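A.B. asks:
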Amino acid sequence: HPLMLNDIWQLTYVQTVNATRISNVFYYRQTTSDGVTDPREDLGIGFDQGPAQVYEAELAAGWVGLCYEIAKVGVTGQQFFRTLATTSPGAEAGEAYNAATAATIAFFTATGSHDGTGRTFIAGFPITYETRNNLTGDGLLAIDLIGNALLLPITRLGVTFVPGRAPGFKKDPASTPAVPLPDIPTTFDPWVLEDVRIPLTKIRSRRQSTRC
């Protein structure tokens, strides 16, 4: 494989909650050169053996992890890649909340604002984690464990991937309606901190995938 140091990868984690298909999308920067296997395989299996295990441990049996769809950011026409999840249904007892009810994890970069620079919505937690539309103490602890797992680098067979905010664009602060300026490109920025929001979020639509 060619050297892929500093390449940015998008990982789409496809799941179901009470038979409704949902997904979480994460971005990772490869911080070491390729190993002996495909880096997409290393990232998928590494996620399956890391954060996905915490999802399984902290969510209800109505939650099921299905697969990981992985693509290099900024490359068009690349071959579709998917690796299947090996996790079991959620291990927590009790009925799972519907897929549109989610706990929110905020992620921060070293230069991030108080409002955070990224969010992930976690669905599939047991109804016992909720009271008056807020997470209970047990629920807060469980979702925080997932957030901590998502904050950690993934390493498999000597290849390491660091999670963070995807590259993109931001508005030029000097831009005005009278003198509009082009948006400023932003680079990948690693996450350094996560925080779980106590109020739950009602989501009208979730990113869907039918590949697996």
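Taking this note's numbering, the leading residue of the sequence shown gets 22, the next gets one more, and so forth.
C-beta: ideal position from N, C-alpha, C; glycine also.
Everything numeric in this text was worked out from a predicted model, so none of it was measured.
Can you have a look at R225 and say buried or exposed, based on whether 16 or more other CB atoms are within 10 angstroms of its CB?
C.D. replies: Classification for R225: exposed.
A.B. asks: Does the Cβ-Cβ distance between D204 and K192 come in under 8 Å?
C.D. replies: Cβ distance < 8 Å, so D204 and K192 count as in contact.
A.B. asks: Exposed or buried, A124, counting other C-beta atoms within 10 Å across all chains shown (16 or more means buried)?
C.D. replies: Classification for A124: buried.
A.B. asks: Leaving aside the five residues before and after P220 along the sequence, list all residues of the same chain whose C-beta is less than 7 Å from its C-beta, in chain order.
C.D. replies: Counting only Cβ-Cβ distances below 7 Å, and skipping sequence neighbours, we find N154 and N155.
A.B. asks: Would you check whether the ligand SAM has a heavy atom nearer than 7 Å to the C-beta of R61?
C.D. replies: Within the structure as shown, the ligand SAM is missing, as the structure has no ligands at all.
A.B. asks: Quick test of your reading: V213 and T53, contact by CB under 8 Å. State the CB separation rounded to the nearest angstrom.
C.D. replies: 20 Å between Cβ atoms; not a contact.
A.B. asks: Using C-beta distances below 7 Å, list every residue in its chain close to R218, excluding the 5 sequence neighbours before and after it, in chain order.
C.D. replies: Taken in chain order, the residues that qualify are T125 and A127.
A.B. asks: Tell me where the beta strand (DSSP E) around R177 begins and ends.
C.D. replies: It spans I175 to R177 - the beta strand (DSSP E) in which R177 sits, taken as one unbroken run.
A.B. asks: If V94 sits next to Y48, beta carbons under 8 Å apart, how far is it from one beta carbon to the other, in whole angstroms?
C.D. replies: The Cβ separation is near 7 Å, so the contact holds.
A.B. asks: Starting from D159, trace the beta strand (DSSP E) in both directions and tell me its first and last residue.
C.D. replies: That residue, D159, is in no beta strand (DSSP E); its alpha helix (DSSP H) goes G158 to L172.
A.B. asks: Pull up the CB-CB distance for F209 and I29, whole angstroms please, since I reckon it's below 8 Å.
C.D. replies: The Cβ separation is near 5 Å, so the contact holds.
A.B. asks: Following the continuous alpha helix (DSSP H) through E116, name the residue where it begins and the one where it ends.
C.D. replies: Taken as a continuous stretch (DSSP letters only), E116 belongs to no alpha helix (DSSP H), as it is neither H nor E.
A.B. asks: Any idea what DSSP makes of F209, helix, strand or coil?
C.D. replies: Here F209 sits in coil by DSSP.
A.B. asks: Find out if the Cβ-Cβ distance for the pair A78, A106 is shorter than 8 Å.
C.D. replies: The answer is no: Cβ separation not under 8 Å.
A.B. asks: List the residues that DSSP assigns as beta-bridge partners of A123.
C.D. replies: A123 pairs with T222.
A.B. asks: Given L161, which residues of its chain have a CB within under 7 Å of its CB, disregarding the five upstream and five downstream residues?
C.D. replies: V217 and I219, listed in sequence order.
A.B. asks: Answer yes or no: do I167 and Y76 have a C-beta to C-beta separation smaller than 8 Å?
C.D. replies: The answer is yes: Cβ separation under 8 Å.
A.B. asks: Suppose the cutoff is 8 Å on Cβ atoms and the five residues either side in sequence are ignored; what does the same chain contact list for G71 look like?
C.D. replies: Result list for G71: A170, L173 and I175, in chain order.
A.B. asks: Do you know how far the Cα of T108 is from the Cα of H22?
C.D. replies: With a pLDDT of 47 at H22, under the threshold of 50, the predicted position of this residue should be treated as unreliable, though the coordinate-derived value follows. Each residue's alpha carbon lies about 28 Å from the other.
A.B. asks: Could you tell me the boundaries of the beta strand (DSSP E) in which F190 lies?
C.D. replies: From DSSP, the beta strand (DSSP E) with F190 extends over G189 to K191.
A.B. asks: Apply the 10 Å Cβ neighbour rule to P184 and answer buried if 16 or more other Cβ atoms are within range, or exposed otherwise.
C.D. replies: By the neighbour-count rule (16 or more Cβ atoms within 10 Å), P184 is buried.
A.B. asks: Would you say Q31 and G86 are within 8 Å of each other, going by their C-beta atoms?
C.D. replies: No, Cβ-Cβ distance for Q31 and G86 is not below 8 Å.
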